[in-house]
Structures are given as C-alpha cells and as structure tokens.
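2 protein chains.
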Amino acid sequence: MLTEERHRYILDLLEEKDTVSVQEITEKLNHSESTVRRDLTQLESQQKLVRVHGGAKKRRRPSEEASMEEKTVKFSHSKDRIAQFAASLVEDNDVIYVDAGSTTFAMIPYLKDRPVTVVTNGVPHASLLADLHIETILLGGKIKQRTKAIIGPLTEQSLSRMYFTKAFMGMNGISVEYGLTTPDVEEASVKERAIRQANEPYILADSSKFGEVDFVKVADVEDCVLITDHLPQSSRKLTDITKVIEVQA
Amino acid sequence: MLTEERHRYILDLLEEKDTVSVQEITEKLNHSESTVRRDLTQLESQQKLVRVHGGAKKRRRPSEEASMEEKTVKFSHSKDRIAQFAASLVEDNDVIYVDAGSTTFAMIPYLKDRPVTVVTNGVPHASLLADLHIETILLGGKIKQRTKAIIGPLTEQSLSRMYFTKAFMGMNGISVEYGLTTPDVEEASVKERAIRQANEPYILADSSKFGEVDFVKVADVEDCVLITDHLPQSSRKLTDITKVIEVQA
DNA sequence: CACTTTCATCCAAAAACATTCAAAATCAAT
DNA sequence: ATTGATTTTGAATGTTTTTGGATGAAAGTG
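Laid out in structure tokens, this is it:
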C-alpha cells in the first residue's frame, strides 16, 4: 500500500471520528506501528492533524474550538449557584436523573470527571454530558421543539423501569397550596414519574418560581427537597412542610 | 501493447482511485517494472500525474492540493447529493428511520415541511429535525461520546416495538463477500434491528465505502437498497445481488 | 510508587528506485 | 523480404527509500 493511500485513509478516518488510535490504524491497515507513527508525524508536520498520546486528533479551526468551550459558560449567577450546590450533593457511583431545563443544565459542568451515571430527558444535556465523558443515558420519546426535552408515553415507559439515587428537577411553579406545577401536560407526567423513581428528589428553583402556579400539577411540595438561592418571605410556610435549602449567594 | 494504450490505462486507473502502485500496474498490464516506471516518468513530465514512491497519484489543481478545506467541502458534496436523492424517496405520512451519521444528517434539511414522522438514534439529527418542525422521536439509550449516537440494549428494545415504512442507514463497509459492516459492536446491533423493522431499508454510502470491511457485520447486502454517488468498478458485482442506485453528480 | 502503554531512535532487511546494457521489436530503405 | 538504424523492452546492477522490529525513555494509570 502506498504512503499516499495510508495518509488518505488516516485523514478519512479522522473526518469521521475526530480521533484515531495508532492501534486502530495498525490493525486496519495491517502495517507496523513504526510506519503508522511515521505517517502521523508526517501528517502533523503538514498540519493535517494533531498528534496526541496514543494516536491523533482532527485539527480544528480555532473558531470551532472556542465555540465548543463556550457551551459551558454563562448562566445567571443565581442559577449557577443553585446548580453548583446541587452538583455537590452528587456522590460517587450515583445514578442520577437530570431533568430538562436551563437550571439543571447548569449543573453539568460541575459533574465533569465524576464517576456517575446520568439519565436525562434533555437533549442538550445529554450532548454536553457526553462531551464531558460522563456515562449518559438519554430517555427515548417525542422531542419537544422549543425546549428540546424528550416527552411522551415512550419516555414514561422507559422511566418506569429505572431507579435513581437522586433526581434533580426544574419546576415552573412552587406554591404551598397547589404544590409543584408546570405548563405542559406531557412534561408534567414525565417529571412526576421521574420524581417517583428517585430516592432523593430535589427541585432546583430560583426565587421567581415561588408563589407561581401553572397549568398542571406534578407533585406535592413535601415529596421533594427544594434548593433555591432565596426563599421569599411569602413562601416561608414551605419550610414547615418540607426541607428547603437556601444557597448562600 | 502500445505505449499510448498503457498511458491511457494508467490515467484511467488514477481517475478511479486517486493513487496507483507500480506493482498494481505491472500485474494488470503484464509488463516489466522498468516499462511501467518509464511510463510514469513520461506521464509526469507531461504533467498528467505526480509520481510518489511506489507509484503515482492524481494531479490536483494547486488550490485543491493546498487546502484541506476544499476536500471537506467536496466530500460533503457527494454526501449531499446522495442525501438529497434519499430524501426524495420519502412519501407523505411515512414513518421513517434515520440512522445516526453524517450522510443521513445531510438528508434532514430536505425533509423540511414534509408531513412525516422521523425516528432516529442521532442526537444532532433529532435536534435539527425538531428545529425544522418535523415530528421526531428520539430513541432512548446510552449516548456514544464521539458520534452522539444512541446505542445499547435500551435502544434495541424500543426499536423492536416500532415499524418503519423506510429506513435510511449509514454504513462503513460494503463488500460483496462480507456484506454490510461497521466498527462498533453496539451500533451494529442497533443498525441491524432498524433494518429489520423497516419495510424498505436503504443504505446511503459514498464510493469510498465499497470494498471496505469493518469489524462487525450488520446485514447482508441483499437486504437493502444501496444509494451511492458512484459504484466503483471493483464492486460492480453488487448489482447482481441487490438494487443499487447511482445518483447523478 | 509500580506497572502498562506509548513513544522516539536506531538498525538491518525489504522494497522501490535510476541507470545501464543487451536483446527484441519496430521502422525505413532497399 | 532483407538489411541496418532506431526505438522499446526487460533484466541486472548498485543506490536510495521505506519498512518493521528492538531498545530504552517517557507518559499515562491506578
């Protein structure tokens, strides 16, 4: 096989997979490690790829690289505080549920390199989790256009066969009288099920959610622990019926 | 055999394959190495090809040669042609399966505003489909970091309860002898299942996939219709055992 | 820290190369 | 058709490039 052909093959592999190992190439091409290493060295000097220990990765334009990183930044300060605290509750080898939504999304960067399995119904959540090399199971079902949340009967069905050590949920309305509420019927059903399947369900909510009541009830307040940046005076009564954690700003 | 004929033959080979080895030519033309080398030297001086150690490669316009950029664009052009044709096969009210992978991803823009339901195991696919307001079901399961494909037993389980009018699959290797193959075991299982659940399974593959053999077999070639930009001479035998559609470039 | 994997470097064997030369084929004139 | 000149061919030669294994150093893993 021609050097040229090997080079082409390696670059094509990279085009598909972003990274290749020396081992993989030696097996597929049936050439020695020495040869493959030489190939990689040459291709690197041509700026066609970047060598890494054990193989090579695709060369990215700086712009691309930046946008990858950028994904993990910027949330409102209160959301981020809540998320960071929630993530600190996660223990090694937990199997946790992370609900779709922006507050729970903010937790994900704080889970980096933790030995946990995450089940989620948030498509962007799953994507970021995978990027951070966290074992991730995405629930199946209908995808909701606006929020990229997975919902529907299929979702509930799969959920009903899972069990979580902890669940971290977003919620639109939290009220003493009407409990935990959300605007979408199908999403409510999924949330309800996830809370039921978790040993310790937590609700992540900034202060604006308290006193709000939405269309569908998901669960009673006393079923969950609430995590917030600040509990408004008007909702102080909640502390009588369930545990509320106020994260220091 | 005339010198002129040999030259023609060599250039034709290059047109097909981009690179040829001296050895290959000597075997096929049944002439000595000396002769073939002379041919190559002459053709190079006529700027019809570029010599490399062990053989020769196709001459490219300088612009092409220089930028990796163009190569990527060009590659995705054939993918795009294949994808566009595949999308044209979709009929109203179909329930189709769209496999994870870049070729099938290219189909999605062509499905915009079509009254179809799409089931997929590609996370980016589902995301784009939702953005284009197409009814989308994402399969559940483990998410694969590199490709963002959903795989694993959970995935197969849900798949087994679905039925599709058509399935559009990507594939890494297509060979007369070894059938349809792919490098990842779990992904292979999902693909196999999806093909089984579809009334009309299609394989989308550019010409580079033919003759390739990967680690795991997914299905036999005759189970599917192949859609490609160009079927290489060496794989013509495929037309005897299944339907192959070559999309005009 | 021990242990494994991957790495760069060196070297000898193998493959591919340019060059030379005599035989074979082609041509051009008789 | 035969001869001699010319071109093309394939084998032989020695040189250069490429290859794959061996080695110990470096990096990654637990």
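For the record, the sequence lines run as chains A and B. Just add 935 to wherever you are in the first sequence, counting from 1, and you've got my numbering. Just add 935 to wherever you are in the second sequence, counting from 1, and you've got my numbering. Quick reminder that beta carbons are idealized off the backbone N, C-alpha and C, glycines included.
Selection from the options that minimises the alpha carbon distance to residue i
{"i": "B:T942", "options": "B:Y1045, B:R972, B:Q958", "result": "Checking the sequence, you will find His at residue 942 of chain B rather than Thr. B:H942 has its Cα closest to that of B:R972, out of B:Y1045, B:R972, B:Q958."}
{"i": "A:E1070", "options": "B:L1073, B:I1085, B:G1057", "result": "B:I1085"}
{"i": "B:Y1098", "options": "B:V1030, B:A1061, B:L984, B:K963", "result": "B:V1030"}
{"i": "A:Q1080", "options": "A:G1105, A:R1131, A:D1119, A:V1033", "result": "A:D1119"}
{"i": "B:V1201", "options": "B:T970, B:T954, B:Q981, B:Q1019", "result": "With chain B covering only 936 through 1184, there is no way to say anything about residue 1201 of chain B."}
{"i": "A:M936", "options": "A:S967, A:I1109, A:A1021", "result": "A:S967"}
{"i": "B:K1077", "options": "B:N1134, B:S1093, B:A1065, B:H1068", "result": "B:S1093"}
{"i": "B:L1064", "options": "A:A1022, A:K1083, A:N1056, A:A1065", "result": "A:K1083"}
{"i": "B:L948", "options": "B:Q1168, B:P1136, B:G1057, B:S1095", "result": "B:Q1168"}
{"i": "B:F1103", "options": "B:A1041, B:Q1183, B:K952, B:K1047", "result": "B:A1041"}
{"i": "B:G1105", "options": "B:S1143, B:E1091, B:I945, B:L1074", "result": "B:S1143"}
{"i": "A:E950", "options": "B:I1109, B:T1038, B:S1023, B:L1024", "result": "B:T1038"}
{"i": "B:E939", "options": "B:K952, B:L978, B:S956", "result": "B:L978"}
{"i": "A:L1166", "options": "A:E1122, A:N1056, A:K952, A:A1140", "result": "A:A1140"}
{"i": "B:A1018", "options": "B:V1058, B:E1127, B:D1164, B:D1175", "result": "B:D1164"}
{"i": "B:G1087", "options": "B:G1108, B:S1110, B:E1127", "result": "B:E1127"}
{"i": "A:L1187", "options": "A:I945, A:K952, A:S1023", "result": "Shown here, chain A extends from 936 to 1184; a query on residue 1187 of chain A therefore has no answer."}
Proximal residues of chain A, C-beta to C-beta of residue i below 7 Å
{"i": "B:H988", "result": "T938"}
Interface residues of chain B facing residue i [CB-CB closer than 7 Å]
{"i": "A:K1126", "result": "Going along chain B, no residue has its Cβ under 7 Å from A:K1126, so there is no contact; the nearest lies around 17 Å."}
{"i": "A:K1083", "result": "S1062, A1065"}
{"i": "A:D947", "result": "S1143"}
Chain B residues whose Cβ lies nearer than 8 Å to that of residue i
{"i": "A:Q1080", "result": "A1065, D1066, H1068"}
{"i": "A:D1034", "result": "Within chain B, no residue comes near A:D1034; the closest Cβ sits about 15 Å away, beyond 8 Å."}
{"i": "A:S1093", "result": "G1075, L1089, S1093"}
{"i": "A:V1160", "result": "What A:V1160 touches in chain B: nothing, since even the nearest Cβ is about 27 Å away."}
Contact list for residue i against chain B, beta-carbon separation under 9 Å
{"i": "A:K1077", "result": "E1070, T1071, I1072, L1073"}
Counterpart residues of residue i in DSSP-defined beta bridges
{"i": "B:E979", "result": "In DSSP, B:E979 forms no bridge with anything."}
{"i": "B:I1180", "result": "B:I1162"}
{"i": "B:Y1137", "result": "B:F1103, B:V1160"}
{"i": "B:V957", "result": "Answer by DSSP bridge pairing: none, since B:V957 is not bridged."}
{"i": "B:A991", "result": "B:V955, B:R986"}
{"i": "A:E962", "result": "A:E962 pairs with nothing; no bridge assigned."}
{"i": "A:T1116", "result": "A:G1108, A:K1152"}
{"i": "A:T1052", "result": "A:V1030, A:E1070"}
{"i": "A:F1145", "result": "A:I1109"}
{"i": "A:K1014", "result": "The partner list for A:K1014 (beta bridge, DSSP) is empty, contrary to what the question assumes."}
{"i": "A:K1077", "result": "A:I1086, B:I1072"}
{"i": "B:G1036", "result": "None, per the DSSP bridge assignment."}
Cβ of residue i within 8 Å of any chain A Cβ
{"i": "B:K1047", "result": "no"}
{"i": "B:S956", "result": "yes"}
{"i": "B:V902", "result": "Any question about residue 902 of chain B goes unanswered here, given that chain B covers just 936 to 1184."}
{"i": "B:A1001", "result": "Residue confidence is low: B:A1001 scores 39 on pLDDT, short of 50, so the model does not pin down where it sits. No coordinate-derived value is stated."}
Below-8 Å beta-carbon distance, residue i vs any chain B residue
{"i": "A:K992", "result": "no"}
{"i": "A:L1089", "result": "yes"}
{"i": "A:K1014", "result": "no"}
{"i": "A:D953", "result": "yes"}
{"i": "A:P1167", "result": "no"}
{"i": "A:L1173", "result": "no"}
Check whether the segment 1018–1034 of chain B touches the segment 1048–1057 of chain B, counting contact only when three or more Cβ pairs, one atom from each stretch, lie closer than 8 Å. The segment 1018–1034 of chain B is in contact with the segment 1048–1057 of chain B.
Counting pairs of Cβ atoms below 8 Å between the segment 955–964 of chain B and the segment 1136–1153 of chain A, do you hit three or more? The answer is no - the segment 1136–1153 of chain A does not touch the segment 955–964 of chain B, with fewer than three Cβ pairs under 8 Å.
Using a Cβ distance threshold of 8 Å, determine whether the segment 1152–1168 of chain B contacts the segment 1099–1114 of chain B, with at least three qualifying pairs required. When Cβ pairs closer than 8 Å are counted between the two stretches, the segment 1152–1168 of chain B is seen to touch the segment 1099–1114 of chain B, the count reaching three or more.
Is it the case that the segment 1057–1072 of chain A contacts the segment 1122–1138 of chain A, given that we only count it when at least three CB pairs across the two stretches are under 8 Å? Fewer than three pairs of CB atoms, one per stretch, sit closer than 8 Å, so the segment 1122–1138 of chain A makes no contact with the segment 1057–1072 of chain A.
Three or more C-beta pairs below 8 Å linking the segment 1011–1021 of chain A and the segment 979–993 of chain A: As far as the Cβ criterion goes, the segment 1011–1021 of chain A does not touch the segment 979–993 of chain A, which means the pair count is below three.
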